[in-house]
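Heads up: the structure comes next, in structure tokens.
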Amino acid sequence: MKLFSLPKTALAVLAAVTATASATRGPSIPPTQVDQSIVINLGYAQYNPRLTILADSSYLFSNVRYGSLPVKPDGQIMSFSRAQIPKGNGELFDGTDDVICPQAWSEEETYEPLTPNDQPFRESEDCLFLDIWVPGPAMDALRQEPPLSIRPVTVWFHEAPWYRHGSKYDKPLRIVTNHLPRDDAPILVSVNYRLGMFGFSNAPNVTRNLGLWDQHRALEWVQQYIHLFGGDKSLVTLMGQFSGAGSVLHHLTAWAGEKQDQHFSSAVMISPTLYYPPSRLTSKMLEKHILHKATFYTGEPIKSFEDLRQSNTDETRAINLRVVEEYPKYFVPAVDGSLVPANPLVMLRKGLFDHNVKVMVGNDDRNSAWEVGDVNSYNITKRLREWFPRMSYASAHHVMHKLYPGDTVLFDESYGTPQERLQRILHDAFTACNGVVLAQNNPDNVWKWSSKKERIFEPGRPFRLAHEGESLFDVATPAGTRNGTVIDGPTAELYIAHFLSTGDPNWAIRSDRPVWEKYGVGKREMRFGLTKVYSQQAISETQLERCKWWAEEQYQPLQHRTSTLKMPGAGPGHVPRSKATTLGRKLEGCLALPVFVAILMALY
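Reading the sequence shown from the start, the letters are residues -23 to -1, 1 to 581 in mature numbering (1 follows the signal peptide of the UniProt record, and there is no 0).
Here's what the structure looks like:
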């Protein structure tokens, strides 16, 4: 029985908003033509590629299914379920049906999707697809008998601000097409994964981090099938920026390094960002908010996520749009005892990750990426504690007066405004310190960098498709006055391109470029400017002290610090999956003895 009918009107409006977004066309992409002479048989399905004029006749296998979701008797997707191994009857697909996962854009935002045919995209929960870009020479060699092609593989996890929106169409194709010979370019895989309420609702009775589990399923798929496309499953590099790089970091620290089948051998993390909700809103409370909104907008009594699963697709998409818009910073990865055993920054400090993975990691100083609202000298401490609600006044005082004391004669840093000062703090806590702590705890396998100026990477989408002709580095600003080697933007990208191809950012043919040493050689990082690359320099003691403080979770009360909870075998050892290092699990053990004593007393 319906509770009321008015919400149906609101639901219709929301559905119209999502439908309008679904009909939005993106930027024009050079035309492609399906090549029916090439068929890759995966058993459950077969795929034709599209021959594209991008990068001199490359092959794009688009919308290749890597996972399936269970379906209800009426044929609709069962939401909030783990991805399964794809099933099918061997049907042939040409990849022209472009699909993205449900987005959670606000009504003021406009989404312009990148689709290979300049066609309206289709939002669907049935979105577990990936794109595979294969260089022309690789495909030519693959068609020989026996096949000769085997190349490194780059798996790209797209950026998803607050894990709200994004898709596989935003991929770094230019970086491998503009800067590498066609014979050296890797296979590129770009992955859709669930977002917002569908991927990160993290309710008590729902599998947490479904979006990360989607990515894990994609990595399993790569291990099983990428050889059919000419890829080497033993040479897989994960790559991402901001939240996409944060996803890569989660996979690096998954199971605290206990599992040695991480499915990748190297990683490129551009400004890896890890974020946790800025309030005491628990997963149970968030679940109540979601169910309340679902009840309001459907007019049906939605009392559990099982009830929510029974809603139709249009309803759940509309609910996702509204609830994520209202709580935009809460649908993010959460501790689950497996993929996310604890705060990854703490895991890095304790050495609980796979040390065999080679990593390029760094960040630009984009403090302004953090929206902090109205901040002044009088309310800055209050604003800081809104981001860290458990932070004591003593800890806040330490942050403001010891770690980030503002403009002083003895302190070589200028924030400009209180707003920029708070943005600097958040940038370190959630982004910059991830790379610093990783480099400190695996110095022999990490190439570390940072930029000297803000916006050295193109805001929002630093890596775009090759035809757009945009540079990863902004070279429009005149060179600074400091001594350095003048470079153009593409040269800076070349470091990453060579790492993707060879596992090393350096290249022998350009001896006039600075050699990029691993962090363990002198404990230094590469410094980039807007138009210059500087020789490697040491990270300042000030920055090291700040990152140590954040990694030790000193902003948390002692009882809430994962760093104080005993992690078996900390350092060279690992955390068993059955012993997740969350406070709740520890409290369960603490309560066991009192309960047992109470039972004995009752019996007595």
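Positions of the beta carbon are idealized from the N, C-alpha and C atoms, including for glycine.
Just so we're clear, the structure is a prediction, and the values are computed from it rather than from any experiment.
Who are the near neighbours of residue 161 in its chain, counting only those whose CB is closer than 6 Å to its CB and skipping five residues on each side?
478
Short of 6 Å in beta carbon distance, which residues of its chain neighbour residue 171, apart from the five on each side in sequence? Order them along the chain.
78, 187, 188, 191
By how many angstroms is the C-alpha of residue 470 removed from the C-alpha of residue 482?
10 Å
Skipping 5 residues on each side, what residues in its chain have a beta carbon closer than 8 Å to that of residue 269?
none
Quick check: what's the CA-CA separation for residue 348 versus residue 516?
Computed Cα separation, rounded: 26 Å.
Hey, out of 290, 143, 355, whose CA is closest to residue 51's CA?
Nearest option by C-alpha distance: 290.
For residue 89, name the three-state secondary structure that DSSP assigns.
At residue 89 the pLDDT is 45, less than 50, meaning the model places this residue with poor confidence and gives no usable figure here.
So for residue 49, helix, strand or coil by DSSP?
coil
Report yes if the CB atom of residue 114 is closer than 8 Å to the CB atom of residue 214, and no otherwise.
no
Give the straight-line distance between the Cα atoms of residue 221 and residue 319, rounded to the nearest whole angstrom.
18 Å
Would you say residue 420 and residue 350 are within 8 Å of each other, going by their C-beta atoms?
no
From residue 232 to residue 239, what does the alpha carbon distance come to, in whole angstroms?
10 Å
Determine the closest residue to residue 10 out of 20, 413, 36, 375, with distance taken between C-alpha atoms.
36
Inspect the beta-carbon positions of residue 230 and residue 325 and report whether they are closer than 8 Å.
Less than 8 Å separates the beta-carbon of residue 230 from that of residue 325.
Between 110, 127, 195, which lies nearest to residue 104 when the distance is taken from Cα to Cα?
In terms of CA proximity to residue 104, 195 leads the group 110, 127, 195.
So what does DSSP say about residue 598, is it helix, strand or coil?
As shown, the chain starts at -23 and ends at 581. That puts residue 598 outside it, with no answer to give.
Entirely within the region 234 to 266 and at least 3 residues each: give me those beta strand (DSSP E) ranges in chain order.
Listed in chain order, the complete beta strand (DSSP E) runs (minimum 3 residues) inside the region 234 to 266 are 243 to 247.
Report the three-state DSSP secondary structure of residue 152 (helix, strand or coil).
Helix.
Classify residue 371 as buried or exposed, calling it buried when 16 or more other Cβ atoms lie within 10 Å of its own Cβ.
exposed
Over what stretch of residues does the alpha helix (DSSP H) that includes residue 525 continue unbroken?
Element bounds for residue 525: 518 to 528.
Counting Cβ pairs closer than 8 Å, one from the region 275 to 289 and one from the region 303 to 319, do we hit at least three?
no
Which of the three DSSP states, helix, strand or coil, is assigned to residue 505?
strand
So is residue 423 buried or exposed if we call it buried at 16+ other beta carbons inside 10 Å?
Under this definition residue 423 is a buried residue.
Assuming the contact rule is C-beta atoms closer than 8 Å, residue 426 and residue 503 should be a hit. Round their C-beta distance to whole Å, please.
Yes, residue 426 and residue 503 are in contact; Cβ-Cβ is about 4 Å, under 8 Å.
Using the DSSP secondary-structure output, state which residues sit across from residue 131 in a beta bridge.
165, 214
Between the Cα of residue 473 and the Cα atoms of 76, 298, 244, which residue gives the shortest distance?
In terms of Cα proximity to residue 473, the closest of 76, 298, 244 is 244.
Who does residue 18 pair with in a DSSP beta bridge?
23
Closest to residue 356 by CA distance: which of 395, 200, 46 is it?
395
Hey, is residue 395 close to the ligand NAP, as in C-beta under 7 Å from one of its heavy atoms?
No copy of the ligand NAP appears in this structure; indeed no ligand is present at all.
How would you label residue 294, buried or exposed, when you count the other beta carbons within 10 angstroms and need 16 or more for buried?
buried
Ignore the nearest five residues each way along the sequence and tell me which others in residue 241's own chain have a CB closer than 8 Å to its CB.
132, 196, 213, 214, 215, 228, 334
Scan the region 164 to 200 and note each continuous alpha helix (DSSP H) run of 4 residues or more that stays entirely inside, going in chain order.
Counting only runs of 4 or more, we get 173 to 177.
If we count the other Cβ atoms within 10 Å of its Cβ and call it buried at 16 or more, is residue 250 buried or exposed?
buried
By Cβ distance, which residues of its chain are closer than 6 Å to residue 587, with the 5 residues on each side in sequence left out?
Outside the displayed range of the chain (-23 to 581) lies residue 587, so it cannot be described from this structure.
So, is residue 62 buried or exposed, given that buried needs 16 or more other C-beta atoms within 10 angstroms?
exposed
If I follow the unbroken beta strand (DSSP E) through residue 108, where does it start and stop?
106 to 111
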